[in-house]
């Protein structure tokens, strides 16, 4: 096909429009934010605390839920069991729920009358208006990203490698930690980064569970509704810069691991 | 040494059914079968990757039917080697020793020794991405042999290796067997089986259809499937009859074969090896055995030289050397006589196909 064919031009124009649609609002926001405004926001203790809270809570939620999500992903990749499709559907459910509805559901679950809320209360832990509750709300809406990416990663690991390890005397646990996990690592890290990023940007579910302490998306909303666009914009820009920096850093860490070439399973 | 007693296993639409066999100490046993015949599944049952639905597995008189794979001391080399791509060659070979919590100094000593034995010492620090098929095969062998297995299982070990390296690897297998290691080797390749096996088992549709020394199996195939593996392409469904002292077999195309002495059933199959048939452009004089006139339908190159397809009441496939082909000066549509002795006819009871 010629490089100047009409088809190529149509592809180029349509692709550019989509990219422009994503970049234009962000660029506009950056261009409308002056350096002095941004500097003032950087020095704003409330903004800094809110961004830090958002990052560490999103990271903690991703980290702790990964402990259960990764084995679940392995089960989905390797085992056949009754109602597997239903389980897969349940995992994807948070993606299709309106996030405010997800927030309401979580609030019911962690409030003092709720199952988890009661249990936490009995050991002296508060969940509502607390980073713990925020972490639960973030994890609820973002966990499918990790499970699905890790499941795809485990599926791509040839089963014969696990069988070979077993035949060499390794226990199932050892096979998981020395073969399956390292070979699925890139997909797992991609899922980890996506879950973290999704959790960090969550507003709908978090605002219902905890207006205070304010995570960055709630703070931006609060500034917008109280003071207007001009005051919300620098906080939004700062949050985007920080979030992008963390996102890129995590991606770099995840791809630095040695790339391994995996052959698909041989035909029986 | 290893005994399989009436092993059955259902896997989806496929089933291994009632497999019984015995492998003797120090034997090189080749399990020969087509893709999908169940040979890999049988190997996985022996290794302990799967358990049978019924039947028993014995290793050195110990019932290992449901023994954990880690405790069987059976080494398995996978088709395409199953080398761990996240580990170096050293890491791959040392894997089983790490599982056994062997001391670091012993691991280094053992890995160095086995790597030297298999000529892969220079690869120890490399990752496996860019190794050749032959090198990967040696790494896989070293990784398995370091466990000092009681029995070595090889699943299509030469399937992904360049032809030039196959002899080298075969020599390694023979040497291992000579040192006393019992080997079960799974393959679909007839020549590979014949060149290595002390005993062959032919597996088809989840059943062992014939077992024995290579000469016995391919000299007296029990059915058409085994005969095909031996390269026999001349099969004729016949009725056997005795005329006086002589046995004859009459094909559906009304061709009458003279047979050597023996006992024959009422009906069955007659097989004739392509390379047991000779040809002549003139009618042979005083020819004993079998002699039929036919027409050449097709001529194509083959391993021996040329393959002739001759219509002589039945379709015959005949292999001749290039020299003979040039001397005979034959073309398609030439008339030709095909000649073969009575002993070249292999009779199969019942006509099992």
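Chains as they are written, first to last, in the working numbering: chain L, 1293 to 1560; chain E, 468 to 820. All C-beta atoms, glycine included, are put in the ideal place defined by N, C-alpha and C.
Practice item. Measure the beta-carbon distance from residue 1449 of chain L to residue 1543 of chain L and round it to whole angstroms, keeping in mind my assumption that it falls under 8 Å. Key: Distance from residue 1449 of chain L to residue 1543 of chain L at the Cβ level is roughly 21 Å; contact not present, criterion being Cβ atoms closer than 8 Å.
Point to revise | residue 709 of chain E - DSSP class collapsed to helix/strand/coil | key: Strand at residue 709 of chain E.
Practice item. Could you spell out the range, first to last residue, of the alpha helix (DSSP H) harbouring residue 1388 of chain L? Key: Here the alpha helix (DSSP H) through residue 1388 of chain L covers 1376-1388.
Review point. Within 8 Å (strictly less), CB to CB, does residue 628 of chain E reach chain L?
Key: Not an interface residue.
Practice item. With 8 Å as the limit, tell me which residues of the region 783-815 of chain E have their beta carbon closer than that to any beta carbon of chain L; keep them in chain order. Key: Against chain L - using a Cβ distance shorter than 8 Å - the region 783-815 of chain E contributes no residues.
Review point. Which residues of chain E have a Cβ atom closer than 9 Å to the Cβ of residue 1463 of chain L, listed in chain order?
Key: Chain E residues near residue 1463 of chain L: 537 and 566.
Exercise for review: Report the partner residues of residue 656 of chain E according to the DSSP bridge assignment.
Suggested key: In DSSP, residue 656 of chain E forms no bridge with anything.
Review point. Regarding residue 744 of chain E and the ligand FAD, is the C-beta to nearest heavy atom distance less than 7 Å?
Key: With respect to small molecules bound, the structure shown includes none, and the ligand FAD cannot be examined in it.
**Study point:** Closer than 7 Å at the beta carbon, the chain L residues around residue 617 of chain E
**Key:** Taking the beta carbon of residue 617 of chain E as reference, no residue of chain L falls within 7 Å; the closest one sits roughly 13 Å away.
**Study point:** Contact set for residue 1560 of chain L: own chain, Cβ-Cβ below 8 Å, skip 5 residues either direction
**Key:** Here residue 1560 of chain L scores only 33 on pLDDT, less than 50, and its place in the model should not be relied on; the value that follows carries that caveat. Around residue 1560 of chain L: no qualifying Cβ.
**Study point:** Cβ-Cβ distance between residue 778 of chain E and residue 794 of chain E below 8 Å
**Key:** No. Outside cutoff.
Review point. Could one say the Cβ of residue 516 of chain E lies closer than 8 Å to chain L's Cβ atoms, at least one of them?
Key: Residue 516 of chain E counts as touching chain L.
Review point. Under 8 Å between C-beta atoms, does residue 614 of chain E make it to chain L?
Key: Yes, residue 614 of chain E lies at the interface with chain L (some Cβ there is under 8 Å from its Cβ).
Exercise for review: Sort out for me which residues DSSP pairs residue 782 of chain E with in a bridge.
Suggested key: Answer is E:778, bridged to residue 782 of chain E.
Check your understanding: In the DSSP assignment, what are the bridge partners of residue 718 of chain E?
Key -> E:705, per the DSSP bridge assignment.
Practice item. May I ask which residues mark the beginning and end of the beta strand (DSSP E) holding residue 757 of chain E? Key: Per DSSP, residue 757 of chain E belongs to the beta strand (DSSP E) from 757-768.
Review point. In this structure, what does DSSP give as the bridge partners for residue 814 of chain E?
Key: E:737.
Practice item. Name, going along the chain, the residues of the region 549-579 of chain E whose beta-carbon falls closer than 7 Å to a beta-carbon of chain L. Key: Along the region 549-579 of chain E, the positions whose C-beta sits under 7 Å from a C-beta of chain L are 549, 551, 552, 553, 562, 563, 566 and 567, read in chain order.
**Study point:** Closer than 8 Å to chain E by CB, residue 1443 of chain L
**Key:** With its beta carbon at least 8 Å from every one in chain E, residue 1443 of chain L lies outside the interface.
**Study point:** Contact under 8 Å by Cβ, residue 595 of chain E with residue 543 of chain E
**Key:** Their beta carbons are not under 8 Å apart, which means residue 595 of chain E does not touch residue 543 of chain E by this criterion.
Practice item. Taking only beta-carbon positions, decide if residue 1553 of chain L is within less than 8 Å of chain E. Key: At residue 1553 of chain L the pLDDT is 49, less than 50, meaning the model places this residue with poor confidence and gives no usable figure here.
**Study point:** Three-state secondary structure (DSSP) of residue 665 of chain E
**Key:** Secondary structure of residue 665 of chain E (DSSP, three-state): coil.
Review point. For residue 487 of chain E, is the classification buried or exposed, using 16 other Cβ atoms within 10 angstroms of its Cβ as the cut-off for buried?
Key: When all chains shown are included, residue 487 of chain E counts as exposed.
Check your understanding: Which one of L:1499, L:1534, L:1416 and L:1507 has the shortest CA to CA distance from residue 1342 of chain L?
Key -> Considering only alpha carbons, the answer is L:1507.
Review point. With distances taken between CB atoms, is the gap from residue 516 of chain E to residue 1473 of chain L smaller than 8 Å?
Key: Residue 1473 of chain L is positioned such that its CB atom lies no closer than 8 Å to that of residue 516 of chain E.
Review point. Residue 1415 of chain L: buried (16+ other C-beta within 10 angstroms of its C-beta) or exposed?
Key: By the neighbour-count rule (16 or more Cβ atoms within 10 Å), residue 1415 of chain L is not buried but exposed.
Practice item. Report the rounded CA-to-CA distance for residue 666 of chain E versus residue 800 of chain E, giving the unit in angstroms. Key: Straight-line Cα distance between these residues: approximately 43 Å.
Check your understanding: For residue 552 of chain E, which residues of its own chain have a beta-carbon under 8 Å away from its beta-carbon, when the five flanking residues on both sides are left out?
Key -> Within the same chain, and ignoring the five residues on either side of residue 552 of chain E in sequence, the residues whose Cβ sits closer than 8 Å to its Cβ are 594, 595 and 596.
Exercise for review: Give the DSSP-derived three-state secondary structure of residue 679 of chain E in the structure shown.
Suggested key: DSSP places residue 679 of chain E in strand when its eight states are reduced to three.
Exercise for review: Could you please tell me which residues of the region 1370-1390 of chain L, in chain order, have their CB closer than 7 Å to any CB of chain E?
Suggested key: Hits within the stretch: zero.
Practice item. Step through the CB atoms of chain L and report whether any lies within less than 8 Å of the CB of residue 474 of chain E. Key: So no, residue 474 of chain E is outside the interface.
Check your understanding: In terms of residue numbering, what span does the beta strand (DSSP E) encompassing residue 1426 of chain L cover?
Key -> If you look at residue 1426 of chain L, you'll find it isn't in any beta strand (DSSP E); it sits in the alpha helix (DSSP H) that goes 1423-1448.
Point to revise | DSSP-derived helix/strand/coil call for residue 1335 of chain L | key: Residue 1335 of chain L sits in coil when the DSSP states are folded into three classes, being neither helix nor strand.
Check your understanding: Is it true that the CB of residue 1488 of chain L sits closer than 8 Å to the CB of residue 1350 of chain L?
Key -> Using a Cβ distance threshold of 8 Å, residue 1350 of chain L and residue 1488 of chain L count as a contacting pair.
Practice item. For my contact list, residue 1505 of chain L and residue 1345 of chain L are in at a C-beta cut-off of 8 Å; report their separation, rounded to the angstrom. Key: Yes, they are in contact, since the Cβ atoms of residue 1505 of chain L and residue 1345 of chain L sit about 6 Å apart, within 8 Å.
**Study point:** Same chain, Cβ closer than 7 Å to residue 1387 of chain L, five either side skipped, listed in chain order
**Key:** Its chain contains 1436 as the residues whose beta carbon lies nearer than 7 Å to that of residue 1387 of chain L, once the 5 sequence neighbours on both sides are disregarded; these appear in chain order.
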